[in-house]
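Residue numbers (the working numbering), protein chains in the order written: chain A, 1 to 141; chain C, 142 to 642.
Here it is, written out as structure tokens:
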């Protein structure tokens, strides 16, 4: 068998969408196996010596960010449905979201810092909403 | 219309305003040059073509340049093309040399912009002719070359390549693009997500998620400590900037600007690939590759001259073929369409005044960018010097705005932002390389089309070696790149063993 015959390939158009993903998946599998084979000792040592996630992380700030962001994403289109094509879903939800995140990230929760966080939560979404939604007519949730 | 008659004070005011607004857009993480151009595109309705282009080209140059500010000060690339600037820019900021890094980056950006502009002006037709001749085979090999170069960037070659291939794999989710010659069939999509993922994951929400949200999650898990806060970053407390840093960097500047321009010319191989390629080539040619990633000025010079080199290069295929060189120039097509002008091979010949006005606008934008960023860098830097508890919630909000607006109001793009924010966070945890992943994700769909179409056309794998002298040259470059990577890896191991002994 000649080299040319060996390198000959034909692709059926109907199944052509699977050709490249299959090749990439095989390469990915080979690379993963190679990483495991060459670095298994280092990987096992790391797993054995380091605490399992999410130990030793700031649970309040990390999960607070995640929970707040998910709530924000759910609330925006829901509120936006009451005021269609106005961007108010984004505006109304961004104010409490920004305030909650600012307070969550504060290390020193005194009156002054809380006041700044509150002003930031009011001003930033107002400016963004006005500029994008009102001035440039860009669609917001 | 007379060329000089369009160069009014209003024309230059528009260039200057566009550049300044672009810098601010680029400097705010989550906002990009693409977004700046998209946001201001409707304003060009009433401005006319030349004045409209003056504003948009200012935004383009400013937006690409502004991306260096958060890349250096926050480790978040303001634009995808600033990815490689983070590698050495942020370590310099950590050493108190932020202002020095910013000034090095600004001057490199200016040089890159001017060199690419000269290339655009003098060699546009010839360069475009050269790029037109590339078939799918050569285009696939260029992507393959980019992937091998990625390995040189990674701390572990195998992990770097794995990350890049994983990026390609995830980019293939969705339909095999019918507009580019695919059969339109879905793959790698669960049935319940078919409606949302027909077009795959959008690039911008993926980028914003990985570089915006995941950065905030990483900060959140460590408690947003004040002593490491942005407010405590003294950007000018370390070594001061002086021009001696550019001594011996002439070749780097020319090579990186050239790479940026060349990559910009190739349709579909744009943005971050230019800066990554220039960075890794500088790393490969450097006598001290071990300094890269730890605050090496020549790394910033390579990345920034290349990404601004892209601005002129990306306009070549746009103005000669009607094919955008990157996402921002794709939006620029909208400006021509608004004015009823078709960009393509006949554009320059039929619209000499507009062509000259574009060159003047680009030149003016680069000069304004240099002046504004050199003299007002401390004020611009303040955009990212706001305390974390104030800045990060705003970034989160802007990430949402960017993700939602990029496809004109798709809520799934906002969820994509969260998905890839979490992906970026866990990738950071397990040590995956983000830069190769992103490059793989950007180039994946093009690589697929080029590979499959090449085989469909020629029916043999040997075509990748025998198609043309360009293909042979690319294989030589690929081999050299792998050789450099292996040599550097071996040297690193030898040095480690030597220091261990």
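Note that CB positions come from ideal geometry on N, CA and C, so glycine has one too. No experiment lies behind these values; they were computed from the predicted model shown.
Proximal chain C residues relative to residue i, where beta-carbon distance stays under 7 angstroms
{"i": "residue 141 of chain A", "result": "545 and 552"}
{"i": "residue 65 of chain A", "result": "357, 358 and 361"}
Beta-carbon gap between residue i and residue j smaller than 8 angstroms
{"i": "residue 312 of chain C", "j": "residue 586 of chain C", "result": "yes"}
{"i": "residue 204 of chain C", "j": "residue 254 of chain C", "result": "no"}
{"i": "residue 207 of chain C", "j": "residue 163 of chain C", "result": "yes"}
{"i": "residue 116 of chain A", "j": "residue 482 of chain C", "result": "no"}
{"i": "residue 598 of chain C", "j": "residue 605 of chain C", "result": "no"}
{"i": "residue 226 of chain C", "j": "residue 441 of chain C", "result": "yes"}
{"i": "residue 644 of chain C", "j": "residue 422 of chain C", "result": "This structure gives no information on residue 644 of chain C, because the portion of chain C shown stretches from 142 to 642."}
{"i": "residue 443 of chain C", "j": "residue 414 of chain C", "result": "no"}
{"i": "residue 210 of chain C", "j": "residue 521 of chain C", "result": "yes"}
{"i": "residue 476 of chain C", "j": "residue 199 of chain C", "result": "no"}
{"i": "residue 243 of chain C", "j": "residue 518 of chain C", "result": "yes"}
{"i": "residue 607 of chain C", "j": "residue 4 of chain A", "result": "no"}
{"i": "residue 345 of chain C", "j": "residue 544 of chain C", "result": "yes"}
{"i": "residue 511 of chain C", "j": "residue 247 of chain C", "result": "yes"}
{"i": "residue 647 of chain C", "j": "residue 17 of chain A", "result": "Past the boundaries of the shown model lies residue 647 of chain C; chain C is included only from 142 to 642, so the question cannot be answered."}
{"i": "residue 24 of chain A", "j": "residue 306 of chain C", "result": "yes"}
Interface partners of residue i on chain C, CB under 8 angstroms
{"i": "residue 193 of chain A", "result": "Nothing about residue 193 of chain A can be read from this structure; chain A reaches only from 1 to 141."}
Alpha-carbon spacing of residue i relative to residue j, whole angstroms
{"i": "residue 368 of chain C", "j": "residue 106 of chain A", "result": "Note that residue 368 of chain C has pLDDT 40, beneath the 50 cutoff, so the model's placement of it is unreliable and the number below is only indicative. Looking at the two C-alpha atoms, the distance is approximately 13 angstroms."}
{"i": "residue 339 of chain C", "j": "residue 401 of chain C", "result": "32 angstroms"}
{"i": "residue 450 of chain C", "j": "residue 103 of chain A", "result": "42 angstroms"}
{"i": "residue 258 of chain C", "j": "residue 160 of chain C", "result": "16 angstroms"}
{"i": "residue 396 of chain C", "j": "residue 77 of chain A", "result": "49 angstroms"}
{"i": "residue 588 of chain C", "j": "residue 619 of chain C", "result": "16 angstroms"}
{"i": "residue 43 of chain A", "j": "residue 310 of chain C", "result": "24 angstroms"}
{"i": "residue 119 of chain A", "j": "residue 65 of chain A", "result": "20 angstroms"}
{"i": "residue 513 of chain C", "j": "residue 124 of chain A", "result": "25 angstroms"}
{"i": "residue 567 of chain C", "j": "residue 549 of chain C", "result": "29 angstroms"}
{"i": "residue 626 of chain C", "j": "residue 579 of chain C", "result": "19 angstroms"}
{"i": "residue 138 of chain A", "j": "residue 85 of chain A", "result": "10 angstroms"}
{"i": "residue 153 of chain C", "j": "residue 509 of chain C", "result": "10 angstroms"}
{"i": "residue 314 of chain C", "j": "residue 143 of chain C", "result": "51 angstroms"}
{"i": "residue 342 of chain C", "j": "residue 15 of chain A", "result": "22 angstroms"}
{"i": "residue 235 of chain C", "j": "residue 381 of chain C", "result": "14 angstroms"}
{"i": "residue 355 of chain C", "j": "residue 551 of chain C", "result": "21 angstroms"}
Selected residue, minimal CA-CA separation from residue i, among the options
{"i": "residue 470 of chain C", "options": "C:481, C:480 and C:453", "result": "C:453"}
{"i": "residue 233 of chain C", "options": "C:602, C:299 and C:434", "result": "C:434"}
{"i": "residue 155 of chain C", "options": "C:147, C:195, C:148 and C:241", "result": "C:195"}
{"i": "residue 69 of chain A", "options": "C:567, C:560 and C:572", "result": "C:560"}
{"i": "residue 34 of chain A", "options": "C:302, C:387 and C:512", "result": "C:302"}
{"i": "residue 10 of chain A", "options": "C:310, C:297, C:476 and C:603", "result": "C:603"}
{"i": "residue 100 of chain A", "options": "A:138, A:87, A:60 and A:4", "result": "A:60"}
{"i": "residue 573 of chain C", "options": "C:148, C:216 and C:297", "result": "C:297"}
{"i": "residue 590 of chain C", "options": "C:519, C:307, C:321 and C:288", "result": "C:321"}
{"i": "residue 540 of chain C", "options": "C:361, C:506, C:349 and C:508", "result": "C:349"}
{"i": "residue 132 of chain A", "options": "C:426, C:538, C:306 and C:633", "result": "C:538"}
{"i": "residue 57 of chain A", "options": "C:361, C:327, C:221 and C:250", "result": "C:361"}
{"i": "residue 95 of chain A", "options": "A:83, A:71, A:126 and A:31", "result": "A:126"}
8 angstroms Cβ cut-off: residues of chain A touching residue i
{"i": "residue 600 of chain C", "result": "8, 9 and 10"}
{"i": "residue 523 of chain C", "result": "What residue 523 of chain C touches in chain A: nothing, since even the nearest Cβ is about 15 angstroms away."}
Assigned exposure category for residue i - 16 Cβ within 10 Å defines buried
{"i": "residue 436 of chain C", "result": "buried"}
{"i": "residue 134 of chain A", "result": "exposed"}
{"i": "residue 409 of chain C", "result": "At residue 409 of chain C, the pLDDT of 48 sits below 50, so the modelled position is not reliable; the number obtained from the coordinates is stated separately. When all chains shown are included, residue 409 of chain C counts as buried."}
{"i": "residue 383 of chain C", "result": "exposed"}
{"i": "residue 12 of chain A", "result": "exposed"}
{"i": "residue 98 of chain A", "result": "buried"}
{"i": "residue 129 of chain A", "result": "buried"}
{"i": "residue 6 of chain A", "result": "exposed"}
{"i": "residue 529 of chain C", "result": "buried"}
{"i": "residue 389 of chain C", "result": "exposed"}
{"i": "residue 319 of chain C", "result": "exposed"}
{"i": "residue 185 of chain C", "result": "buried"}
{"i": "residue 279 of chain C", "result": "buried"}
{"i": "residue 240 of chain C", "result": "buried"}
{"i": "residue 40 of chain A", "result": "exposed"}
{"i": "residue 490 of chain C", "result": "exposed"}
{"i": "residue 554 of chain C", "result": "buried"}
{"i": "residue 300 of chain C", "result": "buried"}
{"i": "residue 90 of chain C", "result": "In this structure chain C extends from 142 to 642, so residue 90 of chain C is not present and cannot be described."}
{"i": "residue 54 of chain A", "result": "exposed"}
Beta-carbon neighbours of residue i, restricted to chain A and to distances below 7 angstroms
{"i": "residue 589 of chain C", "result": "20"}
{"i": "residue 609 of chain C", "result": "Neighbours of residue 609 of chain C on chain A: none; closest Cβ ~17 angstroms, over 7 angstroms."}
heavy atom of the ligand GDP below 7 angstroms from residue i C-beta
{"i": "residue 491 of chain C", "result": "Here there are no bound small molecules, and the ligand GDP is not part of this structure."}
Worksheet item: When you check each C-beta in the segment 144-168 of chain C against every C-beta of chain E, which residues fall closer than 7 angstroms?
Response: No chain E appears in this structure, whose protein chains are A and C.
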